[in-house]
Amino acid sequence: MLVGQCFFYLKRNKKFRFSSKKTQSNARLLDTRCTMSKPPPPKKRRTITDYFASSSKLPRETRDDSAMASAPENEQEPKTSAEGPTSIPESEPSDNDLDGNPSDEQSQVMELENDPRDPHTKPSPKREGSQAWRGTPMHILNKLADTGAPHGPLKPTETHKVMFQTPFTYDPNSTKPPKVFPNFLDKWDQYHVRMPCSNMNEYPVNNKILKRWDLIQRVLIAEIESPQDFAEKVLEYNNQYYEKWDFKTFISFFDVASKEEKQHFFSSEGILRKMANLALQLPHLCPTPIPLLKRGTNMSVTLSQQQIGCLLANAFFCTFPRRNSRKRSSEFFNYPTINFNTLLCGPPSVVRFEKLRCIFHYFRRVFKKMPLGTVTFTRQCIKDLPIWFDEKTTLRGLHVSSEGTIEDDGKGLLQVDFANMFLGGGVLGNGCVQEEIRFLICPEMMVSRLFTECLDKNECLIMTGCERFSDYTGYSSTFEWKEDYIDVTPRDIWGRIQCEVVAIDALVIYDHKSQFKMGSVMRELNKAYCGFASVDPNIKKLPAVCTGNWGCGAFGGDKQLKALIQLMAAAKAGRDLCYFTFDDVKLRDDIYELHKYLTSDNPLSINALLKIIRDYGSTCVSGYKRSNVHQEIFEYVKLGLVRADFTLLELDPPPFYRAKILQKSSWTKRTGPGLYEYILGSPDGADIDQLQDEDLASQPESHNAQSIDPASLEFGSEEYNDDDDIVVSEEKKLKRDDSIDYKANTP
C-alpha cells in the first residue's frame, strides 16, 4: 500500500516520467488500488475561494503543484502519450520553452503584487451629475456619429479585404448574418492565415500523408464528457505536446464548479458541444483567405461577427497550425499566440478562472442569439511623421475626470487600448490589466491575435465594431466577471458598432530618467500620433481621444509626461482629449491647471512645449533620484514658461507673476538657488539660451549628457515572445514573462 501511495503522489506531481508501458500500467493499477482503499471525500460544494484557501501565503494569481492538495484526491491528470496516437508528429517546430518554471513565475507575481504603482481595484464609476471632471463638458466633444463615415455600402479595395460577399449594407431588420462565398479558397502561404481546414495542413501516419482536418473533425464530432476527456481529444491532433499541455486550469475550473454547471457545459446540448459544432463550420463560414496584417503595411480586414465566433471556437480547441511554437526560428514568432492552450494549461488561479467565465459567457450569448454585424481591423503605419520641433500647433480641448473608465464612459470616442506590442498582451496568460480586461469583456478583439504581427514603433491597430458582452469588477489580481452586458451602441451602415479602439504600445522604462531623453519622448510622441491620426481626408470632425495613464504601470512611465505627450499628439492629429486619471484627483487637477495655463493664460505651441521638456530632462531629472522628480514636470513647465514667454513668444510677464510661481515651487524649497531662479531672475531681453548653455557647462556631466541608449529606445518595438523566453539586447538580458511585461498597460 505504501508503494502505491508513493506512485500516486509522484505521478500527480510529475516528479518523474514512467519509462515503459509496463511501468505505466503497473502505476495505473497501483493508483486505482490506492484510490479505492481511501474513503470518498465528503460532498461539499466548494467555491473558488475555498480552492485557494489552503495556501493563503501563495500569491493569488498563481499556484504550484503543492497547492493542489485541496483538490479532490480522485482528480485525474490528462492522460499521457501512452494512450494517445503515437505516430502523428506535429509538422511544426517544437516549443521547448512553453513549460515555465512555477517557482520563477510565483516570485514574479509576488513582486508585481507588491508594486505600489500597480492598482488592484477598478476605477470609481462616473456618477450622474458628478463634479469630478474639469475642462470641456463631455457632450461638447466630437463623437463617431458626427463624422458621417462610412460613406456608401461596404466594398473591398486593395487595402481593405472583406471576408464576405459585397457590396454590403447593414439592415437592422435582417435576421441573417452577411452572406459568405460558396466555395472554400485555400491559400497556404506566408501572406495569409494558415487555416486548420486547409488541404495543406497534413501529417504522416504509417508512411501515408493524411489531412489533419479529417482528424480534427473526427475528434470534435465525438462526445466530450469531462474536462479530462476534452484534454485527451485536443491532444489527439496536438500530440507533440502530450508532455507539455497539462490543462490544469481547465480541469481545476470544473473541480470548483457545481455539478449542475459541469453537466450543463458537457451535455449533448451544452456550450462545449455547440462550440465544437461552430468550430467545424470553419470551411463554410470562412471560405475566403484571411490576409496577415504585416509590419509596415496599411491594411484593413473586415469579418462578420459570426465568422469571428467560428475562428475563436477553433482557437479554443487549439486547431490553428504552426501557432504553438515560440522559438525565434518559428514562422509566427512575431505574432501573438492564438490557440487557447496557454490559458487552459498551467497553474490554476482565480484570475484565470474569471477569464474562462468571460469566454464561456461570450459563447453562451452567441448561441443564444448570433450577432449579425461586422468588425473591421485596421493596421495603420505612418511613415511621414511630423517634425515636432517645427510644429506650431497649440493644444486643443480637454475633458479630464478622476471618475469613470474608458470602456464605460468613452462611448463614441476614439478609445485607447494601453497595448502590448503583441496585441492582447497576457489575455491568454496571467496578465489582467487594462488591455487584457478590454479583450475579455469584448472577446471579438482576441481574433486580432490571429493575423496581426507585433506592432512597430510607427504603427497601431484600430478595431472598429467590437461588441461588449460582459461587465466586471476588480482589477488585476482582483478581477472578476460580474454579469451580462447588453451593448446598445448603435451601428453604422456597415453593421459595425460605433466603437473605435486603437491599440498603441508604450516603451518599457527601466530607468525613470531615461524617458525624459528626447529620443524616448519622440518615440512616444510618434507612437501616440500614429494612433490618433486619421488617414481619411474626407473626415472633417474627428472624434475626441479617450485615454488615461498610458504605459504608467509596471512599464514605469511618468504620468505627467505621458499626459503632455498625448495632449500634443492629439492636438497635431486634430482631436480633443478626454482623460481619465484612475481615481487620481491630484493628477486631474494638475492636468487641468496646466492645460488651462498652456491654452488660456499663456498659449504655447507644441515646439515650445517640447523645448521645455527637453530642458527639464537635461537639467533637472538627471540630477535627482526618481522619488524627487516623480510628478514634478508640470511644475517645471510652469516655471519654464517664464523663459518661453520672453524668448520664444517675445512676451514679458510681470515680475510679480514670476515671483508668485517661484514662491509656490517645491523645487525652490528643495534645491535652493538654481536654474529656475536664474531663469526667473534673468534680465529682460537677455540671451537665455546662451546663458543656459554656460550654466550647463558648469554642471556635472550627468546633467547635460544627451547620449541616447539605442537599446532603451528600441526596446518597446523589439521582438520578443509572450512565453518565458530569454531576450538579450545590447546591454540587458531580461526574462520576459506575461505576468510582468503585460502589466505594462496598467493605467
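Just so you know, we're using full-length UniProt numbering here: the sequence shown kicks off at 1 and counts up by one.
Ideal Cβ positions, reconstructed from N, Cα and C, are used throughout, including at glycine.
On the DSSP bridge list, what partners appear for residue i?
i: residue 135; result: 399
i: residue 377; result: 301 and 463
i: residue 211; result: 202
i: residue 161; result: 301
i: residue 291; result: 192
i: residue 405; result: The partner list for residue 405 (beta bridge, DSSP) is empty, contrary to what the question assumes.
i: residue 452; result: 293
i: residue 414; result: 500 and 545
Indicate the three-state DSSP secondary structure (helix, strand or coil) for residue i in the structure shown.
i: residue 419; result: strand
i: residue 200; result: coil
i: residue 145; result: helix
i: residue 192; result: strand
i: residue 125; result: coil
i: residue 384; result: coil
i: residue 525; result: helix
i: residue 507; result: coil
i: residue 150; result: coil
i: residue 168; result: strand
i: residue 282; result: helix
i: residue 343; result: helix
i: residue 502; result: strand
i: residue 394; result: strand
i: residue 372; result: coil
i: residue 327; result: coil
i: residue 615; result: helix
i: residue 335; result: coil
i: residue 185; result: coil
i: residue 428; result: coil
i: residue 349; result: coil
i: residue 120; result: coil
i: residue 322; result: coil
i: residue 360; result: helix
i: residue 514; result: helix
i: residue 458; result: coil
i: residue 355; result: helix
i: residue 178; result: coil
i: residue 520; result: helix
i: residue 313; result: helix
i: residue 443; result: helix
i: residue 366; result: helix
i: residue 637; result: helix
Give me the residue from the options with the minimum Cα distance to residue i.
i: residue 257; options: 572, 227 and 327; result: 227
i: residue 448; options: 210, 501 and 558; result: 501
i: residue 374; options: 324, 498, 337 and 572; result: 498
i: residue 535; options: 588, 427, 550 and 384; result: 384
i: residue 243; options: 596, 346, 431 and 368; result: 346
i: residue 282; options: 530, 364 and 197; result: 197
i: residue 441; options: 459, 458, 365 and 370; result: 365
i: residue 293; options: 348, 336 and 178; result: 336
i: residue 163; options: 133, 300 and 206; result: 300
i: residue 569; options: 608, 549 and 529; result: 529
i: residue 567; options: 556, 579, 558 and 263; result: 579
i: residue 612; options: 553, 407, 421 and 518; result: 518
i: residue 399; options: 231, 547 and 125; result: 547
i: residue 131; options: 604, 608 and 589; result: 589
By a C-beta neighbour count over all protein chains shown, 10 Å radius and 16 as the cutoff for buried, is residue i buried or exposed?
i: residue 468; result: buried
i: residue 154; result: buried
i: residue 250; result: buried
i: residue 181; result: exposed
i: residue 37; result: Annotation note: pLDDT 46 at residue 37 (below 50); position unreliable, coordinate value reported separately. Residue 37 comes out exposed.
i: residue 362; result: buried
i: residue 240; result: buried
i: residue 496; result: buried
i: residue 416; result: buried
i: residue 265; result: buried
i: residue 350; result: buried
i: residue 558; result: buried
i: residue 355; result: buried
Looking at the ligand SAM, does it come within less than 6 Å of residue i, judged from the CB to the closest heavy atom?
i: residue 175; result: Although the ligand SAM was asked about, the structure shown includes no ligands whatsoever.
*Considering only residues of the region 535-613, which uninterrupted alpha helix (DSSP H) runs meet the minimum length of 4 residues and lie entirely inside it, listed in chain order?*
559-573 and 585-596
*Quick one: complete beta strand (DSSP E) runs, 3+ long, within the region 461-500?*
470-473 and 480-484
_Threshold first: 4 residues or longer. Then list the alpha helix (DSSP H) segments lying entirely within the region 213-277, N to C._
Here the runs fully enclosed are 227-236, 248-255 and 259-266.
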